[in-house]
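Enquirer: Let me give you the structure first, and then I'll get to my questions.
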Amino acid sequence: MRADYSTKSDPSLTEEDRLDNHWTENWKKIDNQRRAQWRIKVRPEYKVVRKYAPTASKGVRVLDGGCGLGEWCILLRDLGYEPYGLDLSTPTVQALRSEFPDMHFVREDIRKTSFEDNFFDFYISWGTFEHFENGMQDCFQEAYRVLKPGGTLIISVPFYNHRLKAIDAKNGAPAKDEAVNEFYQWRLEPDELANEFKINNFETKHIEPIYTREGLNRHMHHAYGVPYGKLSRLSALALSPFVDPHKYAHMLIGVATKK
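Numbering (the UniProt record's numbering), first residue to last: 1 to 259.
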């Protein structure tokens, strides 16, 4: 695993408060067009969810850990599931409760939730487990607790891809300067994600790299100075079918079941 760091915010904040502030500001920047179902249905996560999630029916409960603007909960509801959304951002959860009073949204930490044991049939979480400096074990253990036996966990995490590994081999991995940096996230290789599943009593079903286009966009910006914008996005779109996702993909998605 490789750690990524960001510029230090208020040092007096706890990790939970810092993450609350971070995600509150992040969701403010994104408009509700993100909720459009066609946008979700073209994402690689949707294909994986449709393949590995249990068949939708009344009473099949799913937790979205780190639900953000609630777009996946809305889609899953419309598909026939009973979704529960959880996020650390207090204003975001308050807004979701106000807008969707008939749905389940809670402001909680995914490492310690108030749900009963064996409550959910499946659990999704996109880019959330990696944001805790002491590792992901608490996230996995809580997921194990709230999932029913045989329940499905589907998560995405940042990918420590071949390009980044080559850069680190040449220049050294990013180092934390305590004066100016704070922990942001972990990046994982596929075998590391599989090991996280294993040591937390999950059986791995599937792992693959996703978001090659986004990884290429970042590569062109950092390696060649191409500004983020329409040109870089179109270039990445054109190139992505022809490159190795293990070299450039931005994220990993993994599927496992509770033993």
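Backbone N, C-alpha and C define an ideal beta-carbon position, used for all residues, glycine too.
#1: Just checking, does the region 137-148 make contact with the region 110-122 on the three C-beta pairs under 8 Å criterion?
#2: Specify the secondary structure class of residue 217 as computed by DSSP and reduced to three states.
#3: Please name the residue, chosen from 88, 95, 241 and 232, that lies closest to residue 107 on a Cα-to-Cα basis.
#4: Hey, residue 184 and residue 6 are a contact pair by Cβ (cut 8 Å); roughly how many whole angstroms apart?
#5: Just confirm the distance between the C-beta atoms of residue 249 and residue 197, as a whole number of angstroms; I'd bet it's less than 8 Å.
#6: Restricting to runs no shorter than 3 residues, where is the beta strand (DSSP E) found entirely within the region 149-201?
#7: Would you call the region 168-183 and the region 198-205 in contact, with 3 or more CB pairs under 8 Å?
#8: List, from N- to C-terminal side, the alpha helix (DSSP H) runs of 4 residues or more that fit wholly inside the UniProt domain "Methyltransferase type 11" (63-155).
#9: Quick one, which of 246, 235 and 241 has its alpha-carbon nearest residue 208's?
#10: Bridge partners of residue 203, per DSSP?
#11: Please confirm if the region 66-75 is in contact with the region 93-109, defined as three or more CB-CB distances below 8 Å between the two stretches.
#12: If I'm right that residue 167 touches residue 142 with Cβ under 8 Å, what's the distance once you round it to whole angstroms?
#13: Taking buried to mean at least 16 other C-beta atoms within 10 Å of its own C-beta, is residue 86 buried or exposed?
#14: Using the DSSP secondary-structure output, state which residues sit across from residue 1 in a beta bridge.
#15: Is it the case that the region 230-240 contacts the region 180-195, given that we only count it when at least three CB pairs across the two stretches are under 8 Å?
#16: Considering Cα atoms alone, identify which of 132, 50 and 154 is closest to residue 15.
#17: With DSSP as the reference, please indicate the residues paired to residue 260 in a beta bridge.
#18: Take the Cβ of residue 238 as the centre, count every other Cβ of all protein chains shown within 10 Å, and call the residue buried at 16 or more, exposed below.
#19: Tell me the DSSP secondary structure of residue 235 in three-state form.
#20: Taking 7 Å as the cut-off, is the C-beta of residue 104 nearer than that to any heavy atom in the ligand MG?
#21: Would you identify the three-state DSSP class for residue 39, choosing helix, strand or coil?
#22: First and last residue of the alpha helix (DSSP H) that includes residue 46?
#23: Quick one, which of 1, 140 and 91 has its alpha-carbon nearest residue 113's?
#24: Spatial neighbours of residue 77 within its chain, please: CB distance less than 7 Å, with the 5 preceding and 5 following residues excluded, ordered by chain position.
#25: Buried or exposed for residue 42, please, with buried defined as at least 16 other CB atoms from any protein chain shown within 10 angstroms of its CB.
Expert: Put simply:
#1: With the cut-off at 8 Å, the region 137-148 and the region 110-122 touch.
#2: Of the three classes helix, strand and coil, the one that applies to residue 217 here is helix, per DSSP.
#3: Nearest C-alpha to residue 107: 88.
#4: A Cβ-Cβ separation of about 4 Å places residue 184 in contact with residue 6 under the 8 Å criterion.
#5: About 19 Å; that fails the 8 Å criterion.
#6: You should have 181-187.
#7: The region 168-183 vs the region 198-205: no contact.
#8: If only complete runs of 4 or more residues are kept, the UniProt domain "Methyltransferase type 11" (63-155) shows the alpha helix (DSSP H) at 71-79, 90-99 and 137-146, in order along the chain.
#9: Restricting attention to 246, 235 and 241, the CA atom closest to the CA of residue 208 is found in 246.
#10: According to DSSP, residue 203 bridges with 257.
#11: With a cut-off of 8 Å on Cβ pairs, the region 66-75 is in contact with the region 93-109, counting three or more such pairs.
#12: That belief does not hold up - the Cβ atoms of residue 167 and residue 142 are roughly 34 Å apart, past 8 Å.
#13: With 16 or more Cβ atoms within 10 Å of its Cβ, residue 86 is classed as buried.
#14: Answer by DSSP bridge pairing: none, since residue 1 is not bridged.
#15: They do not touch, by the three-pair rule.
#16: Comparing alpha carbon positions, the residue from 132, 50 and 154 closest to residue 15 is 132.
#17: The structure shown does not extend to residue 260, since the chain is modelled only from 1 to 259, so the question has no answer here.
#18: With a 10 Å radius around the Cβ and a threshold of 16 neighbouring Cβ atoms, residue 238 comes out exposed.
#19: DSSP places residue 235 in the helix class (H, G or I) of the three-state scheme.
#20: Judged by which ligands are present, the structure shown has none, so any question about the ligand MG falls away.
#21: It is helical.
#22: Annotation: the continuous alpha helix (DSSP H) that includes residue 46 extends over 44-52.
#23: When only C-alpha atoms are compared, the closest one is 140.
#24: Result list for residue 77: 83 and 103, in chain order.
#25: Residue 42 counts as exposed, since fewer than 16 other beta carbons sit within 10 angstroms of its beta carbon.
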